[in-house]
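Below you'll find the structure, written out as structure tokens, and then a few comments.
Numbering (the numbering used here), first residue to last: 71 to 323.
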């Protein structure tokens, strides 16, 4: 059973510090596994990113800029706020998973800071699809709902991949963060579902289904290719879930 002791304000600061470049009160890193326990608040970090991008987008649309330009600027703003950490994870994951012939080689490629053909293609496709979907949604006058739904759902999906898959290597950010338990993952999901339902109503069921499929696809691939998860796998989970949620939302207009 999820108890109130799980929901601590320090967890929110940990989540914001981990997943964004935004200034936040210094979290207490000395308590018991704060990074893993704070995973329930990952959707809240996404909510903050989406609200900032949504407010700026709304003002730019009101000022008369086209939906396509505003969508591109919204993406650029979210990338700056997060430090492109999820996009970097997607590119590294694509390069490693498809560019190596065995687990060790794939992990070495993923750790390399350079980007290869698979990474470029993955980034181009995902960013392009996100841009097109947001332009369509913004053009229809739907700004905050899609941004928030995609940002929160994609980050709650990360918590399930963290929980279900073992670490693929013995070092790295994922190892330092730890693995949240099932209660934490459920709390993150519940938080996302409640906010999404308030914003998009019954469309939440479609969003939840596509999030499960996206997270399952990335997790299944990671399990087969590298026998677990890394920070790059989590970044790929966020990006793939985000773009598929935005795409399915275009069907609800």
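Even glycine gets a Cβ: it sits at the ideal position worked out from N, Cα and C. Everything numeric in this text was worked out from a predicted model, so none of it was measured.
A Cβ-Cβ distance of about 5 Å is found for the pair residue 179 and residue 169, placing them in contact under the 8 Å criterion. Inside the stretch 263-294, DSSP marks no whole beta strand (DSSP E) run of 3 or more residues. Restricting attention to alpha helix (DSSP H) runs no shorter than 4 residues, the stretch 160-201 encloses them at 173-181, ordered along the chain. Taking 8 Å as the cut-off, the beta carbon of residue 95 is found no closer than this to the beta carbon of residue 225. With a 10 Å radius around the Cβ and a threshold of 16 neighbouring Cβ atoms, residue 190 comes out exposed. For the stretch 82-164, the full-length alpha helix (DSSP H) segments reaching 4 residues or more read 104-107, 112-132 and 137-152 along the chain.
Contact between the stretch 229-237 and the stretch 286-302 is present: 3 or more CB-CB pairs across the two stretches fall below 8 Å.
Excluding residues up to 5 positions away in sequence, 157, 160 and 161 lie with their Cβ nearer than 7 Å to the Cβ of residue 193 in the same chain. If the five residues before and after residue 201 are omitted, its C-beta is found closer than 7 Å to the C-beta atoms of 141, 142 and 145, all from its own chain and listed in chain order.
Pairwise C-beta distances place the stretch 255-270 out of contact with the stretch 292-306, as fewer than three of them are shorter than 8 Å. Of the candidates 237, 121 and 321, the residue whose Cα lies closest to the Cα of residue 265 is 121. Taking C-beta atoms as the reference points, residue 311 and residue 223 count as a pair closer than 8 Å. Put simply, the backbone Cα of residue 275 is about 11 Å away from that of residue 319. For residue 303, the uninterrupted alpha helix (DSSP H) run begins and ends at 301-319, by DSSP.
Restricting attention to 138, 167 and 91, the CA atom closest to the CA of residue 306 is found in 167. In this structure, the straight-line span from the alpha carbon of residue 281 to that of residue 219 is close to 11 Å.
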